[in-house]
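*Asks:* I have a structure I would like to understand better, so I am pasting it below and will then ask my questions one at a time.
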């Protein structure tokens, strides 16, 4: 078990460019979550998947944001036409959800995005 | 999800017990209390969760009041590596959805 991994760890981009982040969850985990965290704040939920189905999206996830989990394994989060307000740490987490069991979420190290 | 309230910061001497309080007066009967922590520049880490009974694991103990309106996370022998932001979250068991993080408590363990 290598834990949740995220790539890249850091991304600097110019306003208006598109960026894509990747998350590889713990292999047997069926749920995958994306959160965003700005300086001094707790993480904010963006969206989550169960297998390949996207089950919930936050109002924070504007039309410029899209997330996929095509084969129920890794996930990508794309931000189109980046804005300076998108600068944040993007966190991915995974969990194993099964009836009658707990579902602690395991977080990756995050991708820090800076939009200049 | 019930709202939780935590003090913004606390200090603790190394080797002493750290007691982190959390108020969740609007918690419903089927909401669990979860604790996570986030060490600087890392992703959050699950610590412990509970419903009614006190819980203990290798990391910490969780004490929930009988009326379930508040709880305390106890780190029995705090070390410098326990310096982190600690988040208390009330959430439905196994709903699998989003975690709602508040501001948390920034715990500083001092030598």
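Residue numbers (my numbering), protein chains in the order written: chain H, 2 to 117; chain B, 169 to 279.
No residue lacks a Cβ here, since even glycine has one placed at the ideal position from N, Cα and C.
Given the structure is predicted, the values throughout are model-derived calculations rather than measurements.
Report the CB separation of residue 39 (chain H) from residue 79 (chain H) in whole angstroms; it is logged as a contact under 8 Å.
*Replies:* Locating residue 39 (chain H) in the first chain gives position 38, where the first residue counts as 1. Locating residue 79 (chain H) in the first chain gives position 78, where the first residue counts as 1. Their Cβ separation, rounded to whole angstroms, is 19 Å, which puts residue 39 (chain H) and residue 79 (chain H) out of contact at 8 Å.
*Asks:* Three-state secondary structure (DSSP) at residue 18 (chain H)?
*Replies:* Indexing the first chain from 1 puts residue 18 (chain H) at position 17. In this structure, residue 18 (chain H) counts as coil in the three-state DSSP scheme.
*Asks:* Can you tell me where the beta strand (DSSP E) with residue 213 (chain B) in it begins and where it stops?
*Replies:* Along the second chain, read from residue 1 onward, the residue named residue 213 (chain B) stands at position 45. Here the beta strand (DSSP E) through residue 213 (chain B) covers 213-218.
*Asks:* Which partner residues does residue 96 (chain H) have in the DSSP bridge list?
*Replies:* Along the first chain, read from residue 1 onward, the residue named residue 96 (chain H) stands at position 95. BP columns for residue 96 (chain H) point to H:32.
*Asks:* I'd like the list of long-range same chain contacts for residue 255 (chain B), defined as Cβ closer than 6 Å, with 5 residues on each side in sequence excluded.
*Replies:* If you number the second chain from 1, residue 255 (chain B) lands on position 87. Answer for residue 255 (chain B): 204, 269 and 272, listed in chain order.
*Asks:* So which residues on chain H does residue 272 (chain B) lean against when the C-beta distance must stay under 7 Å?
*Replies:* Reading the second chain from its first residue, position 104 is the one you call residue 272 (chain B). Those within 7 Å of residue 272 (chain B) in chain H are 43.
*Asks:* In this structure, what does DSSP give as the bridge partners for residue 153 (chain B)?
*Replies:* A query on residue 153 (chain B) cannot be resolved here, the shown segment of chain B reaching from 169 to 279 and no further.
*Asks:* Taking C-alpha atoms, which residue in B:173, B:228 and B:243 lies nearest to residue 182 (chain B)?
*Replies:* Taking the second chain and counting its residues from 1, the one referred to as residue 182 (chain B) is at position 14. Of the candidates B:173, B:228 and B:243, the one whose C-alpha sits nearest the C-alpha of residue 182 (chain B) is B:243.
*Asks:* Under 9 Å between C-beta atoms, does residue 208 (chain B) make it to chain H?
*Replies:* Counting from one through the second chain, the residue named residue 208 (chain B) turns up at place 40. No, because no Cβ of chain H sits closer than 9 Å to the Cβ of residue 208 (chain B).
*Asks:* From the DSSP output, which residues share a beta bridge with residue 90 (chain H)?
*Replies:* Here residue 90 (chain H) refers to the residue found at position 89 when the first chain is read from its first residue. BP columns for residue 90 (chain H) point to H:38 and H:113.
*Asks:* Compare the C-beta of residue 106 (chain H) against all C-beta atoms of chain B and say whether one is closer than 9 Å.
*Replies:* As a position in the first chain, residue 106 (chain H) is number 105, starting the count at 1. Residue 106 (chain H) counts as touching chain B.
*Asks:* In three-state DSSP terms, what is residue 267 (chain B)?
*Replies:* Taking the first residue of the second chain as position 1, residue 267 (chain B) is located at position 99. Note: residue 267 (chain B) maps to coil in three-state DSSP.
*Asks:* What residue range does the beta strand (DSSP E) around residue 50 (chain H) cover?
*Replies:* Translated into the one-based positions of the first chain, residue 50 (chain H) becomes position 49. Its beta strand (DSSP E) spans residues 45-51.
*Asks:* Among H:45, H:51 and H:89, which residue has its Cα nearest to the Cα of residue 14 (chain H)?
*Replies:* For the purposes of this step, residue 14 (chain H) is taken as the residue at position 13 of the first chain. The option with the nearest alpha carbon to residue 14 (chain H) is H:89.
*Asks:* Roughly how many angstroms lie between the CA atoms of residue 177 (chain B) and residue 241 (chain B), to the nearest whole one?
*Replies:* Along the second chain, one-based indexing puts residue 177 (chain B) at 9. Along the second chain, one-based indexing puts residue 241 (chain B) at 73. Looking at the two C-alpha atoms, the distance is approximately 14 Å.
*Asks:* Per DSSP, what kind of secondary structure is residue 101 (chain H) in: helix, strand or coil?
*Replies:* Here residue 101 (chain H) refers to the residue found at position 100 when the first chain is read from its first residue. The predicted model places residue 101 (chain H) with a pLDDT of 48, which falls under 50 and marks its position as unreliable, so this point remains unresolved.
*Asks:* With a threshold of 9 Å between beta-carbons, can residue 5 (chain H) be considered close to chain B, or not?
*Replies:* To locate residue 5 (chain H), count along the first chain from 1; it is residue 4. With 9 Å as the cut-off, residue 5 (chain H) counts as an interface residue toward chain B.
*Asks:* Buried or exposed: which applies to residue 94 (chain H), given that a residue is buried once 16 or more other Cβ atoms fall within 10 Å of its Cβ?
*Replies:* On the first chain, residue 94 (chain H) is found 93 positions in, with the first residue counted as 1. Buried, by the Cβ-count rule.
*Asks:* In three-state terms, what does DSSP make of residue 108 (chain H)?
*Replies:* In the first chain, the residue the question calls residue 108 (chain H) occupies position 107. Three-state result, residue 108 (chain H): strand.
*Asks:* For residue 70 (chain H), name the three-state secondary structure that DSSP assigns.
*Replies:* For the purposes of this step, residue 70 (chain H) is taken as residue 69 along the first chain, with counting starting at 1. Residue 70 (chain H) falls in the coil class under three-state DSSP.
*Asks:* Tell me whether residue 249 (chain B) sits in a helix, a strand or coil according to DSSP, three-state version.
*Replies:* Residue numbering aside, residue 249 (chain B) sits at position 81 when the second chain is read from its first letter. Three-state result, residue 249 (chain B): helix.
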